[in-house]
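*Asks:* Questions regarding the structure given below will be posed in turn.
There are 2 protein chains.
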Amino acid sequence: MDKRTHIILTALSLFYQKGIHSVGINEIISVAGVAKKTMYHHFVSKDELLLACLSERHNRFLNWLTQATSKQTTIEEFKVALISCHEAWFNSKVTELGDFNGCLFINTAAEFADPANPINQACKEHKMAVQQLIKQRLSACNNMESSQLGSYSHYLMTLVEGMICQAKLVGIKQFPHLKQ
Amino acid sequence: MDKRTHIILTALSLFYQKGIHSVGINEIISVAGVAKKTMYHHFVSKDELLLACLSERHNRFLNWLTQATSKQTTIEEFKVALISCHEAWFNSKVTELGDFNGCLFINTAAEFADPANPINQACKEHKMAVQQLIKQRLSACNNMESSQLGSYSHYLMTLVEGMICQAKLVGIKQFPHLKQ
DNA sequence: TGCCGAGTAGACAAATCGGTCTACTTTTAG
DNA sequence: CTAAAAGTAGACCGATTTGTCTACTCGGCA
């Protein structure tokens, strides 16, 4: 495998499981099995590596969510599919997302609170992309009234974010009552 | 003011605005204007200080939420009050909660992911206490059916958690559509 | 053949981290 | 009044941080 990709995947796993500031460069290169110079040859700084990790996770997550919500034709079906696929994630049944430890972007934004920081901005952009995907999926449902598209997509986004937080903090992994 | 309390309030503000690992002991004592020995006289370690901050924030938050949701008699009124008081928080209109920067407990749990860590446990206990308060408030509504008390209180908790995340990450501060 | 980019191992630098300690001053309670 | 408790300033410690640098190896390509 490409060294650069290998470093990104190793760092992503460590960052996601332990938090950004809890993982040092030395640990990343040690686990990845590469020299420090190799890492700094591909990434000018830890922040740049983190940005690459966020980008990788963003692509992975959106691809998964896009595929997991591709077969529904009504609002109700979509809502159930959206909740169900997240439950699968919470239970670490989605191999490409790894062992569940909350949302990497929520976690990262907690450590980089400054809105002017590109890292914080990347987290925000990810959430807006997810919101956009939900809206697009909803608009394709044959019983969706366009006048309520905005508010209902926001509502579903709020639900999903809340589910993620509860799954991480208090360990709730299933939300049957949300499916009505 | 009591030195110990002063240190806690200073550290709490810094931790909340910048994140735990981004704030060092030297910065805390510098801003608080106390000697390092004074801090280590009251707290054996940074972790102990953090636990005291979490406890302070927990009390402050629960007192505020308890008061902000004390006058409702129906489910619908309670739901609106719950959402409205959070909107006020998001817009930093609640002086005792300070400038809004998301939920301290969600943010802290992101940096201390190990469930065996007392810091992580304190975060979890806070969320369970909030959930309990919502349930208790709901049970006092005169149109609440006890058979749905559990699922509806969980639903409201999910909504609130989602609102907090969206307010922090993408800057949404108002949720009129959730009030129906 | 010779060269160059990518790789390795690891020493090193400068800064910062949490935490300890000394020496001294101020406050407070009996 | 006195003595203990609580406070101050800041030097210091060992560990760790991100990042740089040297010296060297290896493989592919013109």
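Keeping their order, the protein sequence lines are chains A and B. With the first letter of the first sequence counted as 1, position 54 gets the number 49 in the numbering used here; the numbers rise by one all the way through. With the first letter of the second sequence counted as 1, position 180 gets the number 175 in the numbering used here; the numbers rise by one all the way through. Even for Gly, the Cβ is constructed at its ideal location relative to N, Cα and C. Quick caveat, the model's predicted, so the values are computed rather than measured.
1) Would you kindly check if the distance between the Cβ of A:T103 and the Cβ of B:G157 is under 8 Å?
2) Can you confirm whether A:G93, when its beta carbon is compared against all beta carbons of chain B, has any partner nearer than 8 Å?
3) Would you mind telling me which residues of chain A sit closer than 7 Å to B:K119, beta carbon to beta carbon, in chain order?
4) Looking at chain B, which residues of the region 112 to 143 of chain A have a Cβ within less than 7 Å of any of its Cβ atoms?
5) Decide yes or no for the touch test of the region 103 to 112 of chain A against the region 22 to 34 of chain A: beta carbon pairs closer than 8 Å, at least 3 of them.
6) To the nearest angstrom, report how far apart A:Y150 and B:L57 are at their CA atoms.
7) Is the Cβ of A:T153 closer than 8 Å to any Cβ of chain B?
8) For A:F95 and A:L4, what's the separation of their Cα atoms in angstroms?
9) Answer yes or no: does any C-beta atom of chain B fall closer than 8 Å to that of A:N102?
10) What's the gap between the Cα of B:L49 and the Cα of A:G93?
11) Taking CB distances under 8 Å as the criterion, tell me whether A:G19 reaches chain B.
12) Tell me the rounded alpha-carbon separation between B:N137 and B:T64.
13) Got a sec? Which residues, its chain only, sit under 6 Å from A:K130 by beta carbon, not counting five neighbours each side?
14) Who are the near neighbours of B:E106 in its chain, counting only those whose CB is closer than 7 Å to its CB and skipping five residues on each side?
15) According to DSSP, simplified to helix, strand and coil, what is A:P113?
16) Whole angstroms is fine: what's the gap from A:E140's alpha carbon to A:Q127's?
17) Could you work out which residue in A:K(-2), A:M(-4), A:T33 and A:F85 is closest to A:Q161 when comparing CA atoms only?
18) Closer than 8 Å, Cβ to any Cβ of chain B: which residues of the region 31 to 63 of chain A, in chain order?
19) Quick one: which chain A residues come within Cβ less than 7 Å of B:N86?
20) Using the C-alpha atoms, what's the distance from B:D42 back to A:L164?
21) For the alpha helix (DSSP H) that contains A:D94, what are its first and last residues?
22) Report buried or exposed for A:N115, applying the criterion of at least 16 other Cβ atoms within 10 angstroms of its Cβ.
23) For A:E82, count neighbouring Cβ atoms within 10 angstroms of its own Cβ and tell me buried if that reaches 16, exposed if not.
24) Can you have a look at A:A135 and say buried or exposed, based on whether 16 or more other CB atoms are within 10 angstroms of its CB?
*Replies:* This is what the structure gives:
1) no
2) no
3) L164 and V165
4) C118, K119, K122 and M123
5) no
6) 25 Å
7) yes
8) 16 Å
9) yes
10) 30 Å
11) no
12) 15 Å
13) S148
14) G14, I15 and H16
15) helix
16) 17 Å
17) A:F85
18) none
19) Here the premise fails: no neighbours, minimum Cβ distance about 16 Å.
20) 19 Å
21) No alpha helix (DSSP H) contains A:D94, which DSSP labels as neither H nor E.
22) buried
23) buried
24) exposed
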